[in-house]
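With this note's numbering applied, the sequence shown corresponds to residues 65 to 189, in that order.
No residue lacks a Cβ here, since even glycine has one placed at the ideal position from N, Cα and C.
Computed from a predicted structure; not experimentally measured.
Remarks on the structure that follows.
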Amino acid sequence: MTNVIPSAETVVIISGFAFIYMLALLRKTLKGKFDLYDFLMLSMVAILPAGFALFPSLAYLISHLTGVVFPFVVMFGALFLVVFVFMHNMTERLHKLEQQNWSLIQEQSLLALELKRQKSRGADT
Numbered sequence: 065m066t067n068v069i070p071s072a073e074t075v076v077i078i079s080g081f082a083f084i085y086m087l088a089l090l091r092k093t094l095k096g097k098f099d100l101y102d103f104l105m106l107s108m109v110a111i112l113p114a115g116f117a118l119f120p121s122l123a124y125l126i127s128h129l130t131g132v133v134f135p136f137v138v139m140f141g142a143l144f145l146v147v148f149v150f151m152h153n154m155t156e157r158l159h160k161l162e163q164q165n166w167s168l169i170q171e172q173s174l175l176a177l178e179l180k181r182q183k184s185r186g187a188d189t
């Protein structure tokens, strides 16, 4: 199969999207809305397609090495892997937050009970 080079319009559109998206991610990361891990994982959504569009010979090499006929299949597989890893990490974070929430609720209940006991002892004296 011959290598197909993407058109100039395709390269410009994909590069423009990647540039604007990366700037938006960087801005949110610098403001503290995302951490570095989130920045890296979310940036893969722009970097992978841009890499495949800007370096088509590398894309065909990767697809040839993996035994896949079309490079876009490899790209979408890689994007699927990125989404899977990102969701796995988010699930771990959610579980950790649930555990912290349970602990905080229990601690708050114990403190409220202790405060109630102290008030009732103060009223008795």
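Would you please state the rounded distance, in angstroms, between the beta carbons of Val138 and Ser127? I believe it to be under 8 Å.
5 Å
Would you call Ala82 buried or exposed, if buried means 16 or more other Cβ atoms sit within 10 Å of its Cβ?
buried
Excluding sequence positions up to five away, which residues of its chain have a Cβ less than 6 Å from the Cβ of Gln163?
Sequence-distant Cβ neighbours of Gln163 in its own chain, meaning closer than 6 Å and more than five residues away, do not exist here.
For Phe119, count neighbouring Cβ atoms within 10 angstroms of its own Cβ and tell me buried if that reaches 16, exposed if not.
exposed
Within 10 angstroms of its Cβ, does Leu158 collect 16 or more other Cβ (buried), or is it exposed?
exposed
Quick check: is any heavy atom of the ligand NAP less than 6 Å from the C-beta of Ala88?
Summarising the ligand content, the structure contains no ligands, and the ligand NAP is consequently not present.
Suppose you measure from the CA of Ala176 to the CA of Asp188; what does that come to, to the nearest Å?
18 Å
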